[in-house]
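The numbering of the sequence shown is the working numbering, which starts it at 178 and goes up by one. By construction, the Cβ of each residue, glycine as well, lies at the ideal position given by its N, Cα and C atoms. Small disclaimer: the values here were computed from a predicted structure and weren't measured.
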Amino acid sequence: MKKMVPVEKNQNYDVDITDLTYQGLGVAKIDDFPIFIENALPTENVTMKVIKVKKNFAFGRVVKINQKSKDRVELVDKAYTQTGIAPLQHLKYDAQLKFKQHQIQVDFDKMKLDVTVNPTIGMDDPTHYRNKAQIPVRSINGQLQTGFYRKHSHDLVPIEDFYIQDPKIDEAVVVVRDILRKFRVQPYDEQTNKGVVRNIMVRRGHYSHEMMIVLITRTEKLPSSSEIVAEIEQSLPEVKSIVQNVNPEKTNALMGKKNKVLAGKSTIEDTLLGLKFDISASSFYQVNPVQTEKLYDLATKKADLSADDVVIDAYCGIGTISLSMARVAKQVYGVEIVPEAVEDAKKNAKLNNLTNVHFVTGKAETQMAKWQEDGLKPDVISVDPPRKGLDASLIDSVVKMQPKRVVYVSCNPATLARDVKLFTEQGYQVNQPIQPVDQFPQTVHVESITVLERGH
Ligand SMILES: C[S@@+](CC[C@H](N)C(=O)[O-])C[C@H]1O[C@@H](n2cnc3c(N)ncnc32)[C@H](O)[C@@H]1O
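Okay, here's the thing in structure tokens:
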């Protein structure tokens, strides 16, 4: 018999919120039918309006909060929720940290894996932490605007204070926006795939204060390029690198393949754990420098390295974890898919006088198989993959190499739990608590370190 949907679109209902999804939505149930509600917290009772009904669930919007959670804090700005910049801004920071710890536990429970998850290591000031901004540039009522997209859309909401970014970066975005306005540069139009500037990317070294501005354009030609560059340099003395990245495609991917240095260096420098790093426009670099130092310090400690150890660092980026470990180990091998990042990694080894590292450009899964076939016997393997986690073939190669320990740095607990399950089926165990480190306060993202040890 067809199940009745117990709610109707545009109708109001009073509901108790019983859970919070991994996306930070409150969950209510009417006759077992789940409704997901933005800006609603467990233990609350809210009046909500149903805004979308699907076959097995619905979405609602809070009309009124009838009973507040003790973990609720006032919204700083509703635009941060609308755009998804800070979807947990209404949750006390302590409760955010517990939510992330719980999220990992839930994903491991789903895989029937018995693990302990430590409390999340948080920040003293969980705002203004990001060292990088990627800001869309669009036209609103004929004027060039910067801001962020409303969730699930490409409608730009103008924003100047991004709340979770380094305020110096917010200032720089406004300065660059005004310079682009002055020279009447055409913002990108997604509908027609016309216009020039798609995005402004800004990176700022937390310690060095060196700033990089990347103008991501659809076209090779950037009209008034030299005047724009001169004004940026004059207005923002911290800028040490101005790059144009060309992305002609009609795509959601932010950056194109081609980078042109318009002024200064092709990289900026920053420091992590006393090591110097050169960072190119296209290279990955963790966005929360304060927490990254805690994360890498812990990852290195958990690797429990001795001076005789050989290490593989897979998904090594510009060599941040590799170099941290090379200070202790005998030899480190790194593999990374982005060629610019590998160039940076090689330069960074030299910059820090570390000669016991070797970096390879390629897919981690292919290179790991090759190292295994070549008879490399690492003592420890570190992996720090993107959100999709590890390829099953990479796990097979790792297991065949029999390292005594695998240190898994993850930004997605669901793929982490899936991968850990595969490791445990092949003789590896999680003996120590998983350690979450909050890299992304005010958001639902969860970063953690797991150590897998070879059983006897
Ligand atoms: C989460 S980042 C970690 C980078 C580095 N460990 C760090 O913390 O700075 C993941 C890295 O994996 C790289 N990557 C993505 N897919 C890859 C693959 N199949 N093989 C190797 N590297 C890959 C990305 O370019 C990115 O640099």
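At a threshold of 8 angstroms, aspartate 490 counts as near ligand 1, since its beta carbon sits closer than that to one of the ligand's heavy atoms. The region 256 to 275 makes contact with the region 330 to 344, as at least three CB pairs between them are under 8 angstroms. For the pair tyrosine 462 and glycine 382, the Cα-to-Cα distance works out to about 11 angstroms. Leucine 452 and proline 466 have their C-alpha atoms spaced approximately 13 angstroms apart. For arginine 238, the pairing in a beta bridge is given by DSSP as Glu215 and Lys226. The Cβ neighbour count for serine 459, taken over all protein chains shown within 10 Å, is at least 16; the residue is labelled buried. Cα atoms of proline 364 and valine 373: separation of roughly 6 angstroms, rounded to the nearest angstrom. Within the region 376 to 444, complete beta strand (DSSP E) segments of at least 3 residues are found at 388 to 394, 416 to 423 and 435 to 441, given in chain order. With a minimum length of 4 residues, the unbroken runs of alpha helix (DSSP H) contained wholly in the region 506 to 588 fall at 516 to 528, 541 to 550 and 569 to 578. About 16 angstroms separates the beta carbon of threonine 293 from that of valine 614, a gap too long to meet the 8 angstroms contact definition. At a threshold of 8 angstroms, phenylalanine 461 counts as near ligand 1, since its beta carbon sits closer than that to one of the ligand's heavy atoms. Excluding sequence positions up to five before and after lysine 345, its CB lies within less than 8 angstroms of the CB of Arg381, His386, Met388 and Glu415, all in the same chain and listed in chain order.
Bounds of any alpha helix (DSSP H) do not take in aspartate 301, whose DSSP letter is neither H nor E. Around the beta carbon of tyrosine 492, 16 or more other beta carbons sit within 10 angstroms, so the residue counts as buried. Pairing aspartate 208 with lysine 328, the inter-Cα distance amounts to about 29 angstroms. In this structure the region 280 to 292 does not touch the region 306 to 322; the number of beta carbon pairs closer than 8 angstroms is below three. In terms of Cβ geometry, isoleucine 377 and isoleucine 312 form a close pair [threshold 9 angstroms].
Between the region 468 to 481 and the region 605 to 625 there are three or more C-beta pairs closer than 8 angstroms, enough to call the two in contact. Burial state of tyrosine 257 is buried, judged by a 10 Å Cβ sphere holding 16 or more other Cβ atoms. Sorting Pro211, Val227, Lys247 and Gly201 by C-alpha distance to the C-alpha of glutamate 221 places Lys247 at the top.
Counting only residues of its own chain and dropping the five nearest sequence neighbours on each side, leucine 290 has a CB closer than 8 angstroms to the CB of Ala594, Val597, Lys598, Thr601 and Val607.
Ranked by how close their Cα comes to the Cα of proline 183, the residues Lys206, Leu197 and Asp196 have Lys206 in first place. Looking at the backbone, the Cα of lysine 581 and that of valine 557 are separated by about 6 angstroms.
Taking C-beta separations shorter than 7 angstroms and ignoring five residues to either side along the sequence, the partners of methionine 432 in its chain run Ile393, Asn422, Asn424 and Ser459, following chain order. For lysine 547, the Cβ stays outside the 8 angstroms cut-off from all heavy atoms of ligand 1. For valine 597, the enclosing alpha helix (DSSP H) starts and ends at 590 to 602. Around the C-beta of proline 400, fewer than 16 other C-beta atoms lie within 10 Å, and the residue is accordingly described as exposed. Boundaries of the alpha helix (DSSP H) around glutamine 278: 270 to 287. Uninterrupted beta strand (DSSP E) stretches at least 3 residues long and entirely within the region 289 to 354 occur at 309 to 317, 320 to 326 and 333 to 335, given in chain order. Nearest in C-alpha terms to lysine 232, of all of Glu185, Val534 and Asn243, is Glu185.
Here tyrosine 510 is not near isoleucine 495, since their CB atoms are 9 angstroms or more apart.
Relative to ligand 1, the beta carbon of alanine 458 is positioned no closer than 8 angstroms to any heavy atom.
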